[in-house]
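Chemist: The sequence shown begins at 1109 in this note's numbering and counts up by one. Think of the CB as a built atom: it goes at the ideal place given N, C-alpha and C, for glycine as much as any other residue.
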Amino acid sequence: MRGAFSGVAKGQLEAAKSFGMPRFTMFRRIWLPQAVRNVLPTLGGETILQLKATPLVATITVVEIYAVSSRVRADTFVVYEPLLLLALVYMAIAGLIALAFRRFEGG
């Protein structure tokens, strides 16, 4: 967020000061909206990376997922469908997050 706040044009802040705008109003109406607009693409990418990295960090759950898929395979002789379903769920969640951030960005 610091980079987003420093990315706001200084001339706009100086113009608000010259009009006698209070600091909180200047922050709320000029500085914060532009900073949020600047940081949304980065924040969206980081959110999707966190979503993708979560199962990589939790190695215990990976073992559990394979154990469940082994049970499904032993009971129903279905091998790939549980793993494909898991991949589709992750893709759907990542797609929804990307779509939400794209709408917030105004694109």
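Considering just the uninterrupted stretch of the alpha helix (DSSP H) at M1129, what are its terminal residues?
Modeler: Looking at the DSSP string, M1129 is not in any alpha helix (DSSP H), and its letter there is neither H nor E.
Chemist: Taking the alpha-carbon positions, what's the F1180 to L1191 distance?
Modeler: Per the sequence presented here, residue 1180 reads as Val, with Phe not at that position. Those two C-alpha atoms are separated by around 11 Å.
Chemist: Leaving out five residues on either side along the sequence, give the residues of the same chain with a beta carbon under 7 Å from the beta carbon of F1113.
Modeler: W1139, A1143
Chemist: Is it the case that the Cβ atoms of P1149 and E1213 are separated by a distance below 8 Å?
Modeler: yes
Chemist: Excluding the five sequence neighbours on either side, which residues of its own chain have a C-beta within less than 7 Å of the C-beta of A1206, listed in chain order?
Modeler: For A1206, same chain residues with a beta-carbon under 7 Å away, outside a window of 5 residues either side, are G1152, I1156 in chain order.
Chemist: Helix, strand or coil for V1116? Go by DSSP, reduced to three states.
Modeler: Annotated three-state conformation of V1116 is coil, per DSSP.
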